[in-house]
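J.: Just dropping this structure here.
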Amino acid sequence: MADLTTTIGDFHFDNTVMNGAGVWCFDRDELSAVDSSAAATFVTKTATLQARQGNPEPRMAATSLGSINSMGLPNKGLDYYLGVLAEFENTHPDKPYFLSTTGTDPDDFGRLFTKIAQSNFHGLVELNLSCPNVVGKPQIAYDFGAVERILTQVTGIYHGALGVKLPPYFDLVHFQEIAAVLNKFPLVFVNTINSVGNGLVIKDETAAIAPKGGLGGIGGGYIKPMALANVRTLRQLLNPSIRIIGTGGVQNGRDVFELILCGADMVGVATQLGKEGPKVFARLTQELNDLMDEKGYRRLSDFRGNLQVPEAVAVR
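If you read the sequence shown in UniProt numbering, its first letter stands for residue 1, the second for the next number, and so on.
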C-alpha cells in the first residue's frame with residue numbers, strides 16, 4: 001500500500017481525500033458518516049452567524065457529467081458546528097477537522113472569528129470567499145481589495161490555522177493579484193476551486209433549478225480542467241508554506257492523482273460524494289493507490305507538483 005499521508009500546516013492526515021464543504025456535512029449525522037469513512041477528515045457546511053434555510057427548491061440537480069446547484073448557504077449556524085466539532089475533537093483528540101465559515105455582511109467577519117477564537121476549536125478554519133449562489137451577493141474573492149480588508153481584520157482576531165476557499169480564476173493577471181494578496185497573510189492553505197458560477201442546465205424545456213432564473217454553480221466532471229489549472233497556477237505563485245486543497249471534477253483515482261500532480265496537498269470531493277455517498281472515499285483511495293503502484297510511486301511527494309509540459313516546437 002502506498003503512503004497517502006499528507007500535511008497542512010502542523011496538521012497530519014492519514015489520507016489525502018476529504019469532502020468539499022457543502023456535501024455530506026449539513027449536520028452531525030452526515031459528518032459522522034464521512035468521519036467513519038476512508039476520508040482523511042471532514043469539513044463542515046459553511047457556517048454563518050445565524051442558521052439559514054438557503055434558496056427555494058428545486059436548487060440542485062445531478063447531470064450525466066456533474067451537477068448544478070444554487071443552494072444559497074443553508075446551514076445550522078456557527079454555534080451548532082462549533083458544538084459538533086467539540087464532540088468530534090473530544091472523541092478523536094488527535095484527528096484534525098475543518099470548520100468552514102463565511103459572512104453574508106461585512107460586519108459578520110469580525111463577529112464570526114471572535115466567536116471561533118473564544119471557542120475550544122483547535123482544528124483548521126476555511127474562510128469561504130467564493131459562494132456563487134447567495135442571491136444579491138457577489139463573490140468576495142473576485143474583489144481583491146475586499147479580500148485584503150477581510151483577511152487583515154480576521155488575522156488580527158484569529159491566530160489559529162486559517163485558509164480560504166477560492167472561486168475559479170480564468171485570467172493570469174487575476175491569479176497574480178489574488179496570490180499577491182494571499183501571500184501577505186499567515187495562511188496555511190487555500191482550497192481551490194469552488195463551483196463555476198452562473199451556469200445553466202436545461203431539462204426538456206425547463207431550467208433544472210429555480211433560483212436566480214435557473215443559474216447555478218456547476219460542479220463535477222465539467223470543471224476538472226479549471227480545477228487543475230487553478231491548482232497548478234496558484235502552486236506556482238503562492239508561498240510554499242501555503243498548502244493547497246484541490247477540489248473540482250474528481251470522479252476517480254486518476255482525477256485525484258492529477259490534482260496532486262498539479263501541486264495539491266489534499267483533494268476535496270463534492271459532486272461525486274453526493275452521487276455515491278461516503279463509500280466513494282474507499283474507492284478513490286484504492287484507485288489512487290493502484291495507479292501509484294503502477295507508476296512506481298510510493299508516496300505523494302514522489303509526484304506532487306511534477307507536472308511535465310511538452311517542449312515547444314516552433315511552427316515552420
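In this text, a Cβ means the ideal position worked out from N, Cα and C, and glycines have one as well. Note that the structure is predicted; figures quoted are calculated from it, not measured.
(1) Bridge partners of ALA2, per DSSP?
(2) What residue range is occupied by the uninterrupted beta strand (DSSP E) comprising GLY220?
(3) For SER64, tell me which candidate among PRO310, GLY54, LYS203 has the shortest Cα-Cα distance.
(4) According to DSSP, what are the bridge partners of MET266?
(5) Would you report the Cα separation of TYR222 and HIS12, rounded to the nearest angstrom?
(6) Which residues in the same chain have their Cβ closer than 7 Å to the Cβ of PRO56, if we skip the five residues on either side of it in sequence?
(7) In three-state terms, what does DSSP make of ASN90?
(8) Ignore the nearest five residues each way along the sequence and tell me which others in GLY119's own chain have a CB closer than 8 Å to its CB.
(9) Could you check the C-alpha separation between THR114 and GLY248 for me, to the nearest Å?
(10) Report the residue from LYS76, ARG59, GLY77, ASN75 whose alpha carbon sits nearest the alpha carbon of ASN69.
(11) Which complete beta strand (DSSP E) runs does the region 177–243 hold, if anything under 3 residues is left out?
(12) Could you say which of ASN230, VAL164, GLY220 lies nearest to THR102 if we only look at CA atoms?
(13) Per DSSP, what kind of secondary structure is SER64 in: helix, strand or coil?
(14) Exposed or buried, ASP255, counting other C-beta atoms within 10 Å across all chains shown (16 or more means buried)?
(15) When you compare only the Cα positions, how much space is there between LEU78 and GLY253?
(16) In the DSSP assignment, find the unbroken beta strand (DSSP E) run with ALA161 in it and report its ends.
(17) Would you be able to state if there are at least three C-beta pairs under 8 Å between the region 182–194 and the region 29–37?
(18) Indicate the three-state DSSP secondary structure (helix, strand or coil) for ALA141 in the structure shown.
(19) Tell me, please, whether the region 139–146 touches the region 116–131 by the rule of three or more beta-carbon pairs shorter than 8 Å.
(20) If we ignore side chains and look at the alpha-carbon of each, how far apart do LEU112 and LEU49 end up?
(21) Going by C-alpha to C-alpha distance, which of VAL147, VAL250, ARG28 sits closest to VAL17?
(22) Would you kindly work out how many angstroms separate the C-alpha atoms of ASP94 and GLY123, rounded to a whole number?
(23) In angstroms, rounded to a whole number, what distance separates the CA positions of ASN289 and ASP105?
(24) Compute the beta-carbon to beta-carbon distance between LEU162 and LEU127, rounded to the nearest angstrom, for a pair I have assumed lies under 8 Å.
(25) Between VAL196 and GLY214, how many whole angstroms is the CB-CB distance? I'm expecting something under 8 Å.
T.: For this structure:
(1) Translated into the one-based positions of the sequence shown, residue 2 becomes position 2. According to DSSP, ALA2 bridges with nothing at all.
(2) Counting from one through the sequence shown, the residue named residue 220 turns up at place 220. Note, GLY220: beta strand (DSSP E), 215–220.
(3) Translated into positions along the sequence shown, residue 64 becomes position 64. Minimum Cα distance to SER64 is reached at LYS203.
(4) What you label residue 266 is simply residue 266 of the sequence shown in a count that begins at 1. According to DSSP, MET266 bridges with ILE245.
(5) Within the sequence shown, residue 222 is the residue found at index 222, counting from 1. Within the sequence shown, residue 12 is the residue found at index 12, counting from 1. Approximately 31 Å, taken between the alpha carbons.
(6) Along the sequence shown, one-based indexing puts residue 56 at 56. Within the same chain, PRO56 has close Cβ partners ALA210, PRO211.
(7) As a first step, residue 90 must be located in the sequence shown, where it is residue number 90. The answer is helix: DSSP assigns ASN90 an H, G or I state.
(8) Position 119 of the sequence shown holds residue 119. Per the sequence shown, residue 119 should be read as Ser rather than Gly. For SER119, where only same-chain residues beyond five positions count, the Cβ hits under 8 Å are LEU82, ALA86.
(9) Taking the first residue of the sequence shown as position 1, residue 114 is located at position 114. Taking the first residue of the sequence shown as position 1, residue 248 is located at position 248. When rounded, the distance between both Cα atoms is 31 Å.
(10) Taking the sequence shown and counting its residues from 1, one reaches residue 69 at position 69. Minimum Cα distance to ASN69 is reached at ARG59.
(11) 189–192, 196–200, 215–220
(12) Within the sequence shown, the letter at position 102 stands for residue 102. Out of ASN230, VAL164, GLY220, VAL164 has the C-alpha closest to the C-alpha of THR102.
(13) Walking along the sequence shown from the start, residue 64 turns up at place 64. In the structure shown, SER64 sits in coil (DSSP, three-state: anything other than H, G, I, E or B).
(14) Looking up residue 255 in the sequence shown gives position 255. By the neighbour-count rule (16 or more Cβ atoms within 10 Å), ASP255 is buried.
(15) As a working note, residue 78 is residue 78 in the sequence shown. As a working note, residue 253 is residue 253 in the sequence shown. Roughly 33 Å separates the two Cα atoms.
(16) One-based indexing of the sequence shown puts residue 161 at position 161. That run of the beta strand (DSSP E) goes 161–166.
(17) no
(18) For the purposes of this step, residue 141 is taken as residue 141 along the sequence shown, with counting starting at 1. ALA141: helix per DSSP, three-state reduction.
(19) yes
(20) On the sequence shown, position 112 is the one that residue 112 refers to. On the sequence shown, position 49 is the one that residue 49 refers to. Cα to Cα, the separation comes out at about 6 Å.
(21) Stepping through the sequence shown from its first residue, residue 17 is reached at position 17. It is VAL250 whose Cα lies nearest to the Cα of VAL17.
(22) Here residue 94 corresponds to residue number 94 of the sequence shown, with the count starting at 1. Here residue 123 corresponds to residue number 123 of the sequence shown, with the count starting at 1. Roughly 10 Å separates the two Cα atoms.
(23) One-based indexing of the sequence shown puts residue 289 at position 289. One-based indexing of the sequence shown puts residue 105 at position 105. Roughly 43 Å between the two C-alpha positions.
(24) As a position in the sequence shown, residue 162 is number 162, starting the count at 1. As a position in the sequence shown, residue 127 is number 127, starting the count at 1. Right, the Cβ-Cβ distance comes to about 7 Å (below 8 Å), so this counts as a contact.
(25) Against the sequence shown, residue 196 aligns to sequence position 196. Against the sequence shown, residue 214 aligns to sequence position 214. Between GLY214 and VAL196 the Cβ distance is about 15 Å, and since that is not below 8 Å, they are no contact.
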